[in-house]
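Engineer: Dropping the structure in here first, questions after.
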Amino acid sequence: MAGVAGVSDSGGPGGTSGTGSAQGAAEAAPASLTERRKAATRLDIARTAAELFTERGLRATRAEDIARGAGIAPRTFYRYFPTKEESVAPLFAAGAQLWAEAVREAPAGLPVPQALRHAVERALTADDPENAASLEWIRALLRMADESPALRAVWADTSRVSETTLRAILAERTGADPGGLGLRLAAGVASTAVRVAVETWAASDAPAAGPGGPAALALTCLSALDGAVDSSPAAMEP
818 MAGVAGVSDS GGPGGTSGTG SAQGAAEAAP ASLTERRKAA TRLDIARTAA
868 ELFTERGLRA TRAEDIARGA GIAPRTFYRY FPTKEESVAP LFAAGAQLWA
918 EAVREAPAGL PVPQALRHAV ERALTADDPE NAASLEWIRA LLRMADESPA
968 LRAVWADTSR VSETTLRAIL AERTGADPGG LGLRLAAGVA STAVRVAVET
1018 WAASDAPAAG PGGPAALALT CLSALDGAVD SSPAAMEP
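Numbering (my numbering) for the sequence shown: 818 to 1055.
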């Protein structure tokens, strides 16, 4: 669950006529731009917060410090985040989104276990400098979370949302019932495997690339759980 992914937006519906469609597109564009700007602001705040947490420590950093560092007013900060710990949620979420999108973009013919491995090799790679830097931010934040229940809660919530997103993507790939036992198990096992791999790497001093890195550990976890991540989740349905 690492890397900083972009944020996609969808516009509103158009009308039934040509004029209506053009009007709908014109109305949707500003909203889409607004959402992109909000997402960019959230990510900028998150990066500022992570940097300050690393430099000063979580306890010594105030929400006002993060706002000043991000070039916004404190009241603006609180419009985006209720607490300083939650301000790093976009960094966690971006990594989760990158992993989920990599599963979605895996070749259509791949069975579920192979699609998950394909995604791990892309989402958790340290070959890209930006991705490698994002992995190090995640490592620093997870180490802080060991002593911060509030930060652990942010990570746990991101993991829960990531699992739900993965379940929907696997449903698209397999045609299985997204609420069915098989798909819930597949998404739960895969998400847990990746989460445990990232947490294990973060607690170590191993580089992001290599046998001790998050990608290698996640592949090991997934291989050990192949029986649970069945190639056909629908097979478990009653």
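Don't be surprised by glycine CBs; every beta carbon is placed ideally from N, CA and C. None of the values given here were measured: they were computed from a predicted structure.
Please classify E904 as buried or exposed, where buried requires at least 16 other C-beta atoms within 10 Å of its C-beta.
Structural biologist: According to the sequence as given, residue 904 is Ser; it is not Glu. It counts as buried.
Engineer: Per DSSP, what kind of secondary structure is I889 in: helix, strand or coil?
Structural biologist: coil
Engineer: Where does L998 land, buried or exposed, given buried means 16+ other C-beta within 10 angstroms?
Structural biologist: exposed
Engineer: Closest to A1019 by CA distance: which of G996, L860, E953, A940 is it?
Structural biologist: E953
Engineer: Please tell me whether A866 and K901 are closer than 9 Å, where the distance is taken between their beta carbons.
Structural biologist: Less than 9 Å separates the beta-carbon of A866 from that of K901.
Engineer: Could you have a look at E855 and say whether DSSP puts it in helix, strand or coil?
Structural biologist: Here residue 855 turns out to be Lys, not Glu, going by the sequence shown. Helix, per DSSP.
Engineer: DSSP on G992, reduced to helix/strand/coil?
Structural biologist: Of the three classes helix, strand and coil, the one that applies to G992 here is coil, per DSSP.
Engineer: Find out if the Cβ-Cβ distance for the pair P1028, V1015 is shorter than 9 Å.
Structural biologist: Contact: no.
Engineer: What does the Cβ neighbour count give for V1006, buried or exposed, with the cut at 16 atoms within 10 Å?
Structural biologist: buried
Engineer: Around the Cβ of E1060, are there at least 16 other Cβ atoms within 10 angstroms (buried) or fewer (exposed)?
Structural biologist: With the chain running from 818 to 1055 in the structure shown, residue 1060 is simply not present.
Engineer: Classify A877 as helix, strand or coil using the three-state DSSP reduction.
Structural biologist: coil
Engineer: If we ignore side chains and look at the alpha-carbon of each, how far apart do L968 and A962 end up?
Structural biologist: 5 Å
Engineer: Considering only the beta carbon of each residue, do T858 and A884 sit closer than 9 Å?
Structural biologist: no
Engineer: Return yes when the Cβ of R984 is within less than 9 Å of the Cβ of A1004, no when it is not.
Structural biologist: In this structure, R984 lies closer than 9 Å to A1004 by Cβ.
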